[in-house]
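Notes to accompany the following structure.
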Ligand SMILES: Nc1ncnc2c1ncn2[C@@H]1O[C@H](COP(=O)(O)OP(=O)(O)OP(=O)(O)O)[C@@H](O)[C@H]1O
Ligand SMILES: Nc1ncnc2c1ncn2[C@@H]1O[C@H](COP(=O)(O)OP(=O)(O)OP(=O)(O)O)[C@@H](O)[C@H]1O
Ligand code: SF4
Ligand SMILES: [Mg+2]
Ligand SMILES: [Mg+2]
């Protein structure tokens, strides 16, 4: 029996290959996700109400401030939050299954098979004491029931797919014997090894040069088209996000502050944070002056003031912004949490 | 005179300011680093395990006060070369000279001066941080090691945190209690706390949002211009490298294939690999493949 049968989702197969925002049920649906940290009587919320939906075959980008809760959101989907963190409220459904109601056994079957994740920090995600080929092959054997030789052959093919030269020899390498970008690609191979339906990619290309990055993105795009994989793509590389994503969510201080299809987000952003962020994109040109930045610091978690959390840094702020938390502006499938957008 | 005493004033990008003539601050001579490739049992038994060169005869001279960029293929040897430059890794052959002296021969006081004067920001953000040490202690120890008087340390800690855009509450956190980009900035703060003459920064801004990238790059520019901090910047981000480096080297498979000012290397590349690299830089919406189907969407 395949793990997907256990989930009671086998009747959904074959997965239709669809484009962005296809009608019908999303593969992953997150509503009002809150994640809190703390001990004893001191709690603070790092994620303060995130809504996200991803359909099969879709690539949804998550961008935004460092520390805004992107990785925590991703880890929550895999139910791999760090110690001390807990989901304080919210709903998460994956292929019809309530992720928060699933027991640990059920989650284990999902992780590494129907849901694959490329972790932001490959060194802590990989086992330092095992050759990387074994780690990939073990996962393939567990989830697909292949024999040792077949699993290793598949692992080798996967390393080749992510552009690792001499994949047969590299199967035997330990994580510390690989370069940063090679480790990142091993994580990618591991994440897609069992044909996941959802791939969560947390900064999957930070250690890759642009040619290898293009190769890895092309590989992901191919499996997206062929298998209808949905991808949650977390990245600070906005030019890359604009190239590969269908929709984009922008996070600030634990919330999605703007969401739109990619063209609308980059061509007609409605949230001042998005606008100010886009102005900071470094471009390959001959300028040598200082780089543009957004002055100021994001708010301190646990002490987020009333009103709009971006107000102290916002170039469009007005009186209402510090008084009341902004309502949501909506136009079709474009949303922004901002008073100025609502004016 | 140490480069830190050389307050030569503003030097915007310094593209027009060659550094020839001065004695190099750091020199790499014919550096080679080999590793045995892990092969099957047979190769091991017959003793024919192949060796591969992660760094294959690289020579470089870093002039005091310059910002030098190192770009290239993933796995081409940039981190290996960086670690050799800061003395964390011994080369299989070749020499590293700091202020003209072979670091392998440095002893006592001179060795200490090299250890302190050359600092590294690691690509892997966990490498430089002890998982059981709170950020405050990690940074305070670095400040103390650089000779800061005890009384000055609390204020210096706050100044450092501010420079890298971190809230002072993070001082009481452990490394694993930070986001990827927050930890990366602690790594930068720790290296700067040592008040180095040479900073080797291996992908220091890869996990930062573009606003923070700008802030860190501006900080490095300013330290370079104001204090003459010499910087070796390893980065996959060609736009960042173009912005602050006076000279860059492009590496492929353990070798430097092209070297020169960014205006030449990035805008009139000669080597085919450099051209391939530049052609692969993402181009935002303009780079979207026209083949992608467009269907109605929802937010
Ligand atoms: N174990 C922890 N204890 C306390 N706070 C934590 C812990 N882990 C994360 N945080 C805080 O939660 C917030 C969100 O972290 P998260 O890792 O999700 O950020 P991120 O958006 O992925 O940022 P980056 O782009 O820098 O990776 C951060 O401000 C971080 O400091
Ligand atoms: N301890 C080791 N044992 C064996 N091989 C190693 C070891 N350390 C590095 N290598 C190999 O040396 C080569 C260069 O690695 P290095 O980390 O210097 O690359 P890099 O240019 O920094 O790449 P990236 O951009 O991906 O970080 C790689 O092929 C790597 O596998
Ligand atoms: S609500 Fe006000 S402060 Fe917040 S982003 Fe909009 S304009 Fe700026
Ligand atoms: Mg993160
Ligand atoms: Mg590296």
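Protein chains in written order, with this note's numbering: chain A, 1 to 343; chain B, 344 to 642.
Every residue gets a Cβ at the ideal spot worked out from N, C-alpha and C, and that includes glycine.
- At a cut-off of 8 angstroms, the C-beta of residue 606 of chain B has a neighbouring C-beta in chain A.
- The set of residues with any CB-heavy atom separation to ligand 3 below 5 angstroms comprises, in chain order, A:272, A:308, A:310, A:311, A:314, A:316, A:317, A:321, A:326, A:338, A:339 and A:340.
- Look at residue 443 of chain B here: in three-state DSSP terms it is coil, with no helix or strand label.
- Scanning its chain for C-beta atoms nearer than 7 angstroms, with the 5 sequence neighbours on each side dropped, one finds around residue 401 of chain B the residues 371, 374, 424, 598 and 599, in chain order.
- Rounded to whole angstroms, the Cβ separation of residue 63 of chain A and residue 236 of chain A is 7 angstroms, and the two are in contact under 8 angstroms.
- Taking the CA atoms as reference points, residue 559 of chain B sits about 43 angstroms from residue 25 of chain A.
- The stretch 600 to 620 of chain B makes no contact with the stretch 433 to 447 of chain B, as fewer than three CB pairs between them are under 8 angstroms.
- Under the DSSP definition of a beta bridge, residue 25 of chain A lacks any partner.
- Taken from the Cβ of residue 57 of chain A, every heavy atom of ligand 1 lies 7 angstroms or farther away.
- In this structure, residue 397 of chain B has its CB closer than 7 angstroms to one or more heavy atoms of ligand 2.
- Relative to ligand 4, even the nearest heavy atom lies 7 angstroms or more away from the CB of residue 554 of chain B.
- Contact annotation: residue 553 of chain B and residue 280 of chain A have beta-carbon atoms nearer than 8 angstroms.
- When C-beta atoms of the stretch 575 to 586 of chain B are compared with those of the stretch 307 to 323 of chain A, fewer than three pairs fall below 8 angstroms, so the two segments do not count as touching.
- At the C-beta level, residue 37 of chain A and residue 85 of chain A come within 8 angstroms of one another.
- In the DSSP assignment, residue 120 of chain A falls outside any beta strand (DSSP E), carrying neither H nor E.
- Excluding sequence positions up to five before and after residue 484 of chain B, its CB lies less than 7 angstroms from no other CB in the same chain.
- Residue 575 of chain B has B:411 and B:543 as its beta-bridge partners, per DSSP.
- Remark: the C-beta of residue 545 of chain B is in contact range of ligand 5, defined as less than 7 angstroms to any heavy atom.
- By the beta-carbon neighbour count (other beta carbons within 10 angstroms, threshold 16), residue 462 of chain B is buried.
- Think of a sphere of 7 angstroms around the beta carbon of residue 417 of chain B: the chain A residues whose beta carbon falls inside it are 179, 181, 182, 207, 208, 209 and 212, in chain order.
- In summary, no residue of the stretch 137 to 149 of chain A has a CB separated from any CB of chain B by less than 7 angstroms.
- In this structure, residue 52 of chain A has its beta carbon at no less than 7 angstroms from each heavy atom of ligand 1.
- Relative to ligand 2, residue 378 of chain B has its C-beta within less than 7 angstroms of a heavy atom.
- Between the alpha carbons of residue 601 of chain B and residue 579 of chain B lies a distance of about 15 angstroms.
- Here the distance from the Cβ of residue 202 of chain A to the nearest heavy atom of ligand 4 is below 7 angstroms.
- Taking the CA atoms as reference points, residue 202 of chain A sits about 8 angstroms from residue 117 of chain A.
- Listed along chain A, the residues sitting closer than 8 angstroms to residue 546 of chain B by beta-carbon distance are 180, 206 and 207.
- Within the stretch 401 to 415 of chain B, 414 and 415 place their CB atoms closer than 8 angstroms to a CB of chain A, listed in sequence order.
- For residue 330 of chain A, the closest C-alpha among the options A:338, A:113 and A:133 is that of A:338.
- Straight-line measurement puts the Cα of residue 294 of chain A at about 43 angstroms from the Cα of residue 131 of chain A.
- Here DSSP, grouped into helix, strand and coil, assigns residue 267 of chain A to helix.
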